[in-house]
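*Asks:* Sequence lines, in order, name chains A and B.
Letter by letter, the first sequence follows residues 6 to 495 of the numbering used here.
Letter by letter, the second sequence follows residues 2 to 253 of the numbering used here.
Quick reminder that beta carbons are idealized off the backbone N, C-alpha and C, glycines included.
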Amino acid sequence: MNVREKKERQSGEPCMIWDATLESLAWKSRGWEQVCRYQDLEPADSSMEEENETRKINNSFLRDHNYATEADIISTVEFNSTGELLATGDKGGRVVVFQREQESKTQPHRRGEYNVYSTFQSHEPEFDYLKSLEIEEKINKIKWLPQQNAAYFLLSTNDKTVKLWKISERDKRPEGYNLKDEDGRFRDPSTITTLRVPVLQPMDLMVEATARRVFSNAHTYHINSISVNSDLQTFISTDDLRVNLWNLEITDRSFNIVDIKPANMEELTEVITSAEFHPQQCHTFAYTSSKGCIRLCDMRQAALCDRHCKYFEEPEDPSTRSFFSEIISSISDVKFSHNGRYLMTRDYLTVKVWDLQMENKPLETYQVHDYLRGKLCSLYENDCIFDKFECVWNGSDSVIMTGSYNNFFRMFDRNTKRDVTLEASRENSKPRAILKPRKVCVGGKRRKDEISVDSLDFSKKILHTTWHPHENIIAVAATNNLYIFQDKVN
Amino acid sequence: MLGRGVKRKWSCLEELEAEELPNASLISPEEKKQDGEEDTGEQQSKSNMSHLQQRQLVLSLCLEKLQHYQAGMELSLRRSVLLINTLRQIQEEIRCDGSDVRLHSVNPDGCLLRDDFREDESVTCPGCAEGDRESPSLSPPLSPEMPFQEANISLDLQKSLPNTVSNTFSDAGNAMGYLSDLALDDIFEDIDTSMYETSDLPPAWGAGSLWPVSVSFWPDEDAKSRSSAGTLQSCLLDLNELDHIMEILVKS
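(1) Is leucine 64 of chain B close to chain A? Criterion is C-beta to C-beta, closer than 7 Å.
(2) Which residue's Cα is closest to the Cα of aspartate 209 of chain A: A:Trp359, A:Val263, A:Thr274, A:Asp176?
(3) Determine whether the Cβ of arginine 96 of chain B lies closer than 7 Å to any Cβ atom of chain A.
(4) Under three-state DSSP, which class holds aspartate 133 of chain A?
(5) In three-state DSSP terms, what is cysteine 287 of chain A?
(6) How is the alpha helix (DSSP H) around leucine 384 of chain A delimited, first residue to last?
(7) If you drop the 5 nearest sequence neighbours on each side, which residues of the same chain put their C-beta closer than 7 Å to that of leucine 250 of chain A?
(8) Using only the alpha-carbon positions, how far apart do aspartate 186 of chain A and leucine 253 of chain A sit?
(9) Considering only residues of the same chain and omitting the five flanking positions on each side of valine 202 of chain A, which have a CB-CB separation below 8 Å?
(10) For isoleucine 91 of chain B, go through chain A and note every residue whose CB falls closer than 8 Å to its CB, in chain order.
(11) In the DSSP output, what is leucine 160 of chain A paired with across the bridge?
(12) Quick check on the DSSP output: the alpha helix (DSSP H) that includes isoleucine 332 of chain A runs from which residue to which?
(13) Using a Cβ cut-off of 9 Å, pull out every chain B residue sitting near serine 335 of chain A, in sequence order please.
(14) What are the boundary residues of the beta strand (DSSP E) that arginine 326 of chain A is part of?
(15) For chain B, find out if any of its Cβ atoms is closer than 7 Å to the Cβ of valine 219 of chain A; answer yes or no.
(16) Who are the neighbours of glutamine 55 of chain B on chain A, taking C-beta pairs under 8 Å?
(17) Residue range of the beta strand (DSSP E) that lysine 345 of chain A falls in?
(18) In whole angstroms, what separates the C-alpha of leucine 83 of chain B from that of threonine 421 of chain A?
(19) For the region 203 to 237 of chain A, enumerate the residues whose C-beta is nearer than 9 Å to any C-beta of chain B, in chain order.
(20) Would you tell me roughly how many angstroms separate the C-alpha atoms of isoleucine 390 of chain A and tyrosine 376 of chain A, rounded to the nearest one?
(21) Roughly how many angstroms separate the alpha carbons of serine 295 of chain A and phenylalanine 317 of chain A, rounded to a whole number?
(22) Among A:Asp352, A:Leu348, A:Asn365, whose alpha-carbon lies nearest the alpha-carbon of tryptophan 359 of chain A?
(23) Quick check on phenylalanine 391 of chain A: does DSSP put it in helix, strand or coil?
(24) Kindly list the residues whose CB is nearer than 6 Å to the CB of isoleucine 479 of chain A, restricted to its own chain and excluding five residues on each side of it in sequence; keep chain order.
(25) Pick from A:Lys165, A:Asn154, A:Trp149, A:Thr124: whose alpha carbon is nearest that of glutamate 142 of chain A?
(26) Could you tell me the alpha carbon to alpha carbon distance between glutamate 386 of chain A and cysteine 63 of chain B, rounded to whole angstroms?
(27) State whether the region 191 to 200 of chain A contacts the region 77 to 96 of chain A, with contact taken as three or more CB pairs (one from each stretch) at a distance under 8 Å.
(28) Roughly how far, in whole angstroms, is the beta-carbon of alanine 482 of chain A from the beta-carbon of isoleucine 79 of chain A, given that I think they are within contact range, below 8 Å?
(29) How about threonine 470 of chain A: is its Cβ closer than 6 Å to a heavy atom in the ligand HEM?
(30) Whose C-alpha, out of A:Asp402, A:His374, A:Val425, A:Ser232, is nearest the C-alpha of cysteine 287 of chain A?
(31) Mark glutamate 321 of chain A as exposed unless 16 or more other C-beta atoms lie within 10 angstroms of its C-beta, in which case mark it buried.
(32) At least one CB of chain B closer than 7 Å to the CB of serine 295 of chain A: is that the case?
(33) For aspartate 392 of chain A and chain B, any beta-carbon pair shorter than 7 Å?
(34) Examine chain A for any beta-carbon lying closer than 7 Å to the beta-carbon of histidine 245 of chain B, and answer yes or no.
(35) Alpha carbon to alpha carbon, how far is phenylalanine 413 of chain A from aspartate 402 of chain A?
(36) Counting along the chain, where does the beta strand (DSSP E) carrying methionine 211 of chain A start and finish?
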């Protein structure tokens, strides 16, 4: 079966009804349709087949195998700054980059689809001999650098090492060497009678990824986040206790700008859970903790940013206090809004939007899955309470999205205060399928399409999602499946 | 009333444990109230007990998760910090319960061992002894006997365990190192000594940098006042806790 045919069957018609005046999604009418679904699998063979176009597609990635290994679990997804590329990292240390199909007049509905652009092994498992510990190759985070020339650059990190990868295309090669013939074999110099200048001839497009920098040996604890500065010269990498500032050009040293390790480790009660640079102010960054607080720091104040400029924390509600209060308040992700005025945090049950000017409480709080509040003890028992969900803004900062269990993900419209629950699942993905809003029934009578809390599958969790910077295209990672959805005007 | 009360609580306990195993069950005080308990007079103590039940469950789960070090599973620093903080919170709560009864201020530094109220006694359950035989990293506990009536059940993970751990994992790099440094005896020092004062049991802790995880499963401090009903209930509860703890130790 032709690969292209399969993709045509899977994608749906472009759907209408995007309320451009409100810049919000109109839930009543057609909503999100599935563009394509990729299943991350171990390739049967690593050979790449040629297609008619000058583009190579890794067929094994698209083929629907029946097996999937744990190495295929997608651990991070990220659009680049234009939305043209989408990168995914998996537990096996692999990075797969997708590229958006170019607009074509003959096949207008194909716009918006993403094809595999490049696949490479970013990190390998390592062994720390000193501590007798294995260092996982799982890719924790990928961050793109804005494009400055023809090549693409991204940072990928595992628990200990950050790497800068350059992804470049090669579609020409020099031909007509004097000392080598076309096969590459050396010619006998005595047989050469004339000289010629090699010329560049077009060749089949090849995408190659090379590691340009390796930033290592700076983290004792596990790296949980990386963030590129708006100055495009520096970036930070964050582990449980420290934040390090790097220059993209210099790999043999980094500056430690936050260190919360106590002199006596017995006194440790709080760890850093994530950190991000402000999108416009190159001297400002925020980091979050396991106790649910956010600290905004200004690097101009001191070399060591131990004293925050701003401290955001919501006082605890004594009526909901339980043994799990602290665990569920632990922030798992922080994201600045695109306009730089807000930041959003995700803890176990809620997403909160904070105004940078208001430290004592969040501007908005959205309940992601409050029906789990009564199940915290069981979730503690099966360790689900420690799951780290991410959250993401849309391009205009009007809608926020985050994942949940049972392959559900939620979107909240900040303006209309409406929200929707959608599901990323194979069973529901038919050709031309539009995602149907889902609902969890909390108690009492369960309606036909609702699902009860006890039927939720807690092994199917959506931890990683990303939103196209300008358009309504989202990528959702569900275990080893990558779903791309779009909501667009005809 | 006594017999009825005991029976109900026992069956509630069994219910609780049966619920835990198969599927995700809801254990909240509100839920417990609906568990077929009709005697309104017992509502208050019932919700107290379910809170205590939950506390004990969370406590034992905490210990179980932290004990995963033995299996070689590395716990992330974030998770271990959250678990330790939960343990501390529970300990604080137990301590507060204790101070209400004693009518004297509890020294947060944990000097209760030196308090007159405290007898120098400790109990290590037979589970420890059994567990020690199975696991080479644990050395046998000090206390030879384990009377059931003892209020305190303490789990003593001997010094060799954290030593083994810290030999394998350095402090700087690992949560386990962090935990072996953590003197949990400071947290659990103010064990509620039992109302049964037996003087022939040697002290188990106070041995410096041990890593004993001593846990008091004395659920109801009010039983210390001479209410026989409370005593009996507590004893039966302790029996069950003892089994539970033994199970954890033997399994690990």
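*Replies:* Short version:
(1) No, because no Cβ of chain A sits closer than 7 Å to the Cβ of leucine 64 of chain B.
(2) Aspartate 209 of chain A has its Cα closest to that of A:Asp176, out of A:Trp359, A:Val263, A:Thr274, A:Asp176.
(3) No, its Cβ sits nowhere closer than 7 Å to a Cβ of chain A.
(4) Aspartate 133 of chain A carries a strand assignment under DSSP once its states are collapsed to helix, strand and coil.
(5) Cysteine 287 of chain A: coil per DSSP, three-state reduction.
(6) Counting along the chain, leucine 384 of chain A sits inside the alpha helix (DSSP H) bounded by residues 381 to 386.
(7) Cβ within range, chain order: Thr239, Ile241, Ser259, Phe260, Ile262.
(8) The straight-line gap separating the alpha-carbon atoms of aspartate 186 of chain A and leucine 253 of chain A is approximately 40 Å.
(9) Residues of the same chain with a CB within less than 8 Å of the CB of valine 202 of chain A, apart from the 5 flanking positions on each side, are Gly181 in chain order.
(10) Within chain A, the residues placing a beta-carbon under 8 Å from that of isoleucine 91 of chain B are Phe328, ordered along the chain.
(11) Paired residues: A:Lys148, A:Leu169.
(12) Counting along the chain, the alpha helix (DSSP H) containing isoleucine 332 of chain A begins and ends at 330 to 334.
(13) The answer, in chain order, is Arg79, Leu83.
(14) For arginine 326 of chain A, there is no enclosing beta strand (DSSP E), since its DSSP letter is neither H nor E.
(15) It does not: the Cβ of valine 219 of chain A has no partner Cβ on chain B nearer than 7 Å.
(16) The contacting residues are Phe328, Cys382.
(17) Per the sequence shown, the amino acid found at residue 345 of chain A is glycine instead of lysine. First-last for glycine 345 of chain A: undefined, no H or E at that position.
(18) For leucine 83 of chain B and threonine 421 of chain A, the distance between alpha carbons rounds to 36 Å.
(19) Taken in chain order, the members of the region 203 to 237 of chain A whose beta-carbon sits within less than 9 Å of a beta-carbon on chain B are Thr225, Tyr226, His227, Asn229.
(20) When rounded, the separation of the alpha-carbon atoms in isoleucine 390 of chain A and tyrosine 376 of chain A is 13 Å.
(21) Cα-Cα distance, rounded: 13 Å.
(22) Closest option to tryptophan 359 of chain A, Cα to Cα, is A:Leu348.
(23) If DSSP states are grouped into helix, strand and coil, phenylalanine 391 of chain A belongs with the helices.
(24) The beta carbon of isoleucine 479 of chain A sits closer than 6 Å to those of Trp472, Phe490, all from its chain and outside the five residues before and after it, given in chain order.
(25) Residue A:Lys165 is the option with its Cα nearest to glutamate 142 of chain A.
(26) Going from the Cα of glutamate 386 of chain A to the Cα of cysteine 63 of chain B covers about 9 Å.
(27) Taking 8 Å as the limit for Cβ pairs, the verdict is that the region 77 to 96 of chain A does not touch the region 191 to 200 of chain A.
(28) About 4 Å separates the two Cβ atoms, so the contact holds.
(29) For the structure depicted, the ligand HEM is absent and the ligand set is empty, with no information on it obtainable.
(30) When each option's Cα is compared against that of cysteine 287 of chain A, the closest is A:Ser232.
(31) Classification of glutamate 321 of chain A: exposed, given that the 10 Å Cβ count is below 16.
(32) At least one chain B Cβ lies under 7 Å of serine 295 of chain A.
(33) Taking a beta-carbon distance threshold of 7 Å, aspartate 392 of chain A does not count as an interface residue toward chain B.
(34) Using a CB distance cut-off of 7 Å, histidine 245 of chain B does not count as an interface residue toward chain A.
(35) Here the alpha carbons of aspartate 402 of chain A and phenylalanine 413 of chain A stand approximately 21 Å from one another.
(36) Run containing methionine 211 of chain A: 204 to 220, per the beta strand (DSSP E) assignment.
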